[in-house]
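Peer 1:
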Amino acid sequence: MTDTSEHKLPIWFWIIAALALLWNLFGVYQAYLTSTATIETLQPYLDDKIMAPEYAGFILAYPTWAKGVFWLGTVSGTLGALCLLLRKSIAVPLFALSVISIFVMYGYNYILSGKANVLTGFNHFITAAVILIAIFMLWFARKKKAKNWLT
């Protein structure tokens with residue numbers, strides 16, 4: 015039986031939904047840092063050689079529309095995860111919006127910006143993780159909606 019009104023959802027559902035919420039909240043924090051970055055806030059990373067000057071320039075030149083898409087992707091992913099925890103089927107379109115936003119944002123980072131060469135191996139790893147997790151969450155929400163675990 016797949017109707018949640020007659021049985022409890024497995025613990026792994028709640029764990030995945032909670033981890034998705036934490037992951038997306040971290041994304042919101044990253045969107046905030048990118049949106050508010052100044053040379054003063056980046057200087058400690060430059061001084062400690064944690065960040066290359068070219069990458070700092072990339073962040074400082076990030077266009078407003080790309081920041082907006084970054085926010086859209088992280089906020090819609092956060093709301094999607096919250097809706098999963100509330101067992102609401104609106105999680106599916108929210109995760110879909112997040113996936114679309116992520117592809118647009120990384121399309122800018124890797125293609126439109128013309129500065130993909132300043133992105134490091136760590137940036138590539140994070141990009142892959144963000145894309146894979148977002149696609150997984152969309153798939154997961156769709157499967158659980160199909161099982162009537164979400165209303």
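Residue numbers for the sequence shown follow my numbering, beginning at 15 and rising by one.
Every residue, glycine too, gets a C-beta built ideally from N, C-alpha and C.
Taking only the alpha-carbon atoms, compute the straight-line gap between L133 and T165 and give it to the nearest angstrom.
Peer 2: L133 and T165: Cα-Cα distance of roughly 41 Å.
Peer 1: Quick check on DSSP: helix, strand or coil for R156?
Peer 2: Looking at R156 - three-state DSSP - the assignment turns out to be helix.
Peer 1: Could you work out which residue in I145, R101, L99 is closest to G121 when comparing CA atoms only?
Peer 2: Comparing Cα-Cα distances from G121 to each of I145, R101, L99, the minimum goes to I145.
Peer 1: I need the DSSP call for S103, collapsed to helix, strand or coil.
Peer 2: It is coil, neither helix nor strand.
Peer 1: Check whether the region 150 to 164 and the region 25 to 34 are in contact - that is, three or more C-beta pairs closer than 8 Å.
Peer 2: With the cut-off at 8 Å, the region 150 to 164 and the region 25 to 34 touch.
Peer 1: Just to confirm my understanding: we take V113, look at its own chain, exclude 5 residues before and 5 after, and list those with CB closer than 7 Å. What are they?
Peer 2: Cβ within range, chain order: A148, I149, L152.
Peer 1: Could you pull the start and end residues of the alpha helix (DSSP H) that A32 belongs to?
Peer 2: Per DSSP, A32 belongs to the alpha helix (DSSP H) from 25 to 50.
Peer 1: Go ahead and pull the three-state DSSP assignment for A80.
Peer 2: Residue state, collapsed to three classes: helix.
Peer 1: Please report the straight-line C-alpha distance between F117 and K22, rounded to a whole angstrom.
Peer 2: Those two C-alpha atoms are separated by around 35 Å.
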